[in-house]
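Peer 1: Residues 729 to 1212 in this note's numbering are what the sequence shown spells out, letter by letter. Beta carbons: idealized from backbone N, C-alpha and C, even for Gly. This is the structure, below, for whatever I ask next.
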Amino acid sequence: MKKLLYLLVAFVVGYYNCDAANPVLTIEGGQVQGVKAEIEGVTVYRGIPYAAPPIKNLRWKAPQPVIPWQGVKLADKFGHPGYQSVHYPGGYTTEWGYGDESPYSEDCLYLNVWTKAPGNVGKKLPVALWIHGGGYREGWGSEPEFDGQEWANKDVVLVSINYRLGVFGFLTHPELSKESPNHVSGNYGILDQIESLKWIKKNIAQFGGDPDNVTIFGQSAGAGSVKTLCESPLARGLFKKAIIMSGGGITTTPPPAAAPGAPATMSAFAPMTFEQSELQTKEIMDWAGLTSLEKMRAASTETIYTLGSLYNSVTGKRTRMAAMPVVDGYVSLQSFDAAAVDNKLAQVPYMIGYTLNDMGSMAPGIAEFCLNREKLGGKAFAYEFARPLPTDGRSDVLKGAFHSSDLWFVFKSLKHCWRPWTAGDWDLSEKMLTAWSNFAKYGNPNGNTGGKWAPYTKENPKFMVFKLDASDKENSGMGEPLKP
729 MKKLLYLLVA FVVGYYNCDA ANPVLTIEGG QVQGVKAEIE GVTVYRGIPY
779 AAPPIKNLRW KAPQPVIPWQ GVKLADKFGH PGYQSVHYPG GYTTEWGYGD
829 ESPYSEDCLY LNVWTKAPGN VGKKLPVALW IHGGGYREGW GSEPEFDGQE
879 WANKDVVLVS INYRLGVFGF LTHPELSKES PNHVSGNYGI LDQIESLKWI
929 KKNIAQFGGD PDNVTIFGQS AGAGSVKTLC ESPLARGLFK KAIIMSGGGI
979 TTTPPPAAAP GAPATMSAFA PMTFEQSELQ TKEIMDWAGL TSLEKMRAAS
1029 TETIYTLGSL YNSVTGKRTR MAAMPVVDGY VSLQSFDAAA VDNKLAQVPY
1079 MIGYTLNDMG SMAPGIAEFC LNREKLGGKA FAYEFARPLP TDGRSDVLKG
1129 AFHSSDLWFV FKSLKHCWRP WTAGDWDLSE KMLTAWSNFA KYGNPNGNTG
1179 GKWAPYTKEN PKFMVFKLDA SDKENSGMGE PLKP
């Protein structure tokens, strides 16, 4: 009988201790409880809605308030990624191992939080918001390489998000602009990102985070998003630091003039003006008989997604529906390059870099950005990731220090990858994670005690290089500075 009583007491004590370590939090929408991560002491909250599902009559509208839920939401499953193409084996699909995610959906406005201090509103840990890449048309915040528990273990609250993609996130149309109180359309994916920053401002203290110490960082199109947020007046004051990974820098050199007599055609990938974007979308929608907002919003997800390709296939044209950010005069007032020159960017510390075998050499533009920040009284830390990834022959498409290869290292998520990592890779990852998390804490990748990674300036025109030593057996530290 005594033994049974002891067991009962132990169970009750254990239950309440566990509950105290993983408290129920009250946030916008209701109550939520996380689950344990693999790293001891880290709690993860998966699939928290930060806005209402942007479907039906909310398709192509600014994000709306969260729909409240009843009871305690157990945040143990990631939310839907934005609607996108199916990922087939090969290339990045083989690299990241897609397949365990929730189904793609327009209902995608979910975020995830990793923290060591749930419920500790006085802790005020620095916060980092991760914005995934994917050309503004694919990807999601819970991809395996974005596992945030190592960031949390560095005493940073890591938040990752999903946002609207492609034509669902960036469509412009004259009727949508007419309906809008701001007389614009498009940039809904950027508005989603801004909404997630507002969510952080209002709710992150419940997770032990400091709403006044937020870093935004992203890679590829995520870096492009960071650039847009740094320029947008709507995001001003919602973050204190910015990291731009493989998103280029700036260029103040005008493009070469067209040859005499050359046709004034627009490249399939050239940026469109807002007005051009609206008219091209209307042309396609009218062709499909979607001549009103009611009809456009009633059309199926699959119809809207494939409509542009179908139109061009049938007509032989190269007309595009907007599927990326555009300067609209509301969310975005000017290009990132122009804002940098005009000193209209967010006045925050910047970290900016690229990979050795990136999508073309980004070093010159990054150097120009850093010198521009110096000229205007700011600072920027520049880096190059130069570790050619090891392979077992499984993928012959992605080689060297390819575009996105640094993600495994920044998140120290190597265990999720099939590649035959060396001990030096784990050491290099620790160095990079420490530098990135230090920047989130202090605005300086060296931490608050100084170090050898200096900002890129006219007197110190050097990138920090992250690589292994020549023997490929051990990490050479933070690498040797390198001129672009």
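1) Would you please state the rounded distance, in angstroms, between the beta carbons of Trp858 and Phe935? I believe it to be under 8 Å.
2) I believe Leu925 touches Val942 by the beta-carbon criterion, under 8 Å. Please report the beta-carbon distance rounded to the nearest angstrom.
3) Just to confirm before moving on: does the CB-CB distance between Asn1100 and Ala1074 stay below 7 Å?
4) Alpha carbon to alpha carbon, what distance is there between Lys1140 and Gly1152?
5) To which residues does DSSP link Gln1062 through a beta bridge?
6) For Pro1077, which residues in the same chain have their Cβ closer than 7 Å to its Cβ, ignoring the five residues on either side in sequence?
7) Quick check: the Cα distance between Ala748 and Lys764, rounded to an integer number of angstroms?
8) So who's on the other strand from Gly758, going by DSSP bridges?
9) Count the other CB atoms, across all protein chains shown, that sit within 10 Å of the CB of Gly762; report buried if there are 16 or more and exposed otherwise.
10) What is the DSSP secondary structure of Lys1023, reduced to helix, strand or coil?
11) On the CB-based measure, 16 or more other CB atoms within 10 Å of its CB, does Gly827 come out buried or exposed?
12) If I measure Cβ to Cβ from Phe1130 and keep anything under 8 Å in the same chain, skipping five residues before and after, which residues do I get?
13) Of the residues Gly952, Ile922, Ser905, Thr1029, which one's Cα is nearest the Cα of Glu1003?
14) Since Pro1112 sits in a beta bridge, which residues does DSSP pair it with?
15) DSSP state of Gln1008, grouped into three classes?
16) Measuring only the C-alpha atoms, how far is Val740 from Lys1169?
17) Quick one: grab the DSSP three-state call for Thr943.
18) Let me confirm a value: Asp1065 is counted as buried when at least 16 other C-beta atoms fall within 10 Å, else exposed. Which label applies?
19) Below 8 Å CB to CB, which residues in the same chain sit around Val954 once its five sequence neighbours on both sides are set aside?
20) Considering only their Cβ atoms, is the gap separating Gly977 from Ile1012 smaller than 7 Å?
21) From Thr821, Phe874, Trp879, pick the residue whose C-alpha is nearest to that of Ala1163; which is it?
22) Out of curiosity, what's the CA-to-CA distance linking Phe1113 and Lys784?
23) Can you check DSSP and say which residues form a bridge with Ala970?
Peer 2: If we stick to the structure as given:
1) In fact, because the Cβ distance is near 15 Å, the residues do not count as touching under 8 Å.
2) 7 Å
3) no
4) 13 Å
5) In the DSSP output, where bridge partners are listed per residue, Gln1062 has none listed.
6) Lys969, Lys1107, Gly1171
7) 13 Å
8) Ile755
9) buried
10) helix
11) exposed
12) Thr1083, Asn1085, Asp1086, Leu1117
13) Ser905
14) In the sequence on display, residue 1112 carries Glu and not Pro. Tyr1082, Val1193, per the DSSP bridge assignment.
15) helix
16) Residue placement at Val740 is flagged as unreliable, the pLDDT there being 38, under the threshold of 50; a coordinate-derived value is accordingly withheld.
17) strand
18) buried
19) Ile859, Ile944, Phe945, Gly946, Ala970, Ile971, Ile972, Gly975
20) no
21) Trp879
22) 43 Å
23) Ile944, Tyr1078
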